[in-house]
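To start, the structure under review is shown below, and the notes come after it.
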Amino acid sequence: MLCPHRQRLAKHGHRTQHLHFTDSNDERAKTDRAWKVRSVVDCMQVRFRRGYKTPAALSFDEGITPSRSRYNPTRQYLKDKPHKWGTKLFITCYAKTAYCLRYVLHCYTCPSAMLDHPP
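Residue numbers (the working numbering): 202 to 320.
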């Protein structure tokens, strides 16, 4: 028998198994590895910009969102990072508070149009 907290997680996993934010049959899904989360990322970008006035001191950095799942199409191996496996991000932050103003998911085959076009 599963522990009570494991039972809750199992039920949550069952509920979210069929949760989708985008249409997988769209043509853009064939070229964009981050297509399944693209609408969520675009929504977050708008919220980040709306909630904060862009300051003068900005910092540009790369980061990683840890993930060892084989089913993550944007997963990469980065030997110099504390978390070796994950999704690579290019981040624009306010230098003093580290507030994230914008980020771009780095994908192997991410179209250049996705990088140039702000959401």
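Just so you know, even glycine gets a beta-carbon here, dropped at the ideal spot from N, CA and C.
For residue i, I'd like the list of residues in its chain whose CB is within less than 7 Å of its CB, leaving aside the five on either flank, ordered along the chain.
i, result
"L306", "A235, V242, T275, T288, L290"
"F261", "T293"
Give me, in chain order, the residues of the same chain whose beta-carbon lies closer than 6 Å to that of residue i; leave out the 5 immediate sequence neighbours on both sides.
i, result
"M202", "At M202 the pLDDT is 45, less than 50, meaning the model places this residue with poor confidence; the figure from the coordinates comes in the next sentence. Cβ neighbours of M202 beyond the five flanking positions: none."
"E263", "F291"
Can you tell me whether residue i is buried or exposed, with buried defined as 16 or more other CB within 10 angstroms of its CB?
i, result
"R239", "buried"
"D233", "buried"
"Y278", "exposed"
"A257", "exposed"
Can you give me the Cβ contacts of residue i inside the same chain, cut-off strictly under 8 Å, excluding the 5 residues immediately before and after it?
i, result
"N226", "none"
"R144", "Given a span of 202 to 320 for the chain in the structure shown, any question on residue 144 remains unanswerable."
Considering only the alpha carbon of each residue, which of the options lies closest to residue i?
i, options, result
"S322", "W286, E263, L259", "The structure shown does not extend to residue 322, since the chain spans only 202 to 320, so no value can be given for it."
"Y295", "N273, T255, K237", "T255"
"T298", "P283, K280, K237, L259", "L259"
My parser needs the alpha helix (DSSP H) runs of 4 or more residues fully inside the region 214-293; what are they?
The region 214-293 contains these whole alpha helix (DSSP H) runs: 236-251.
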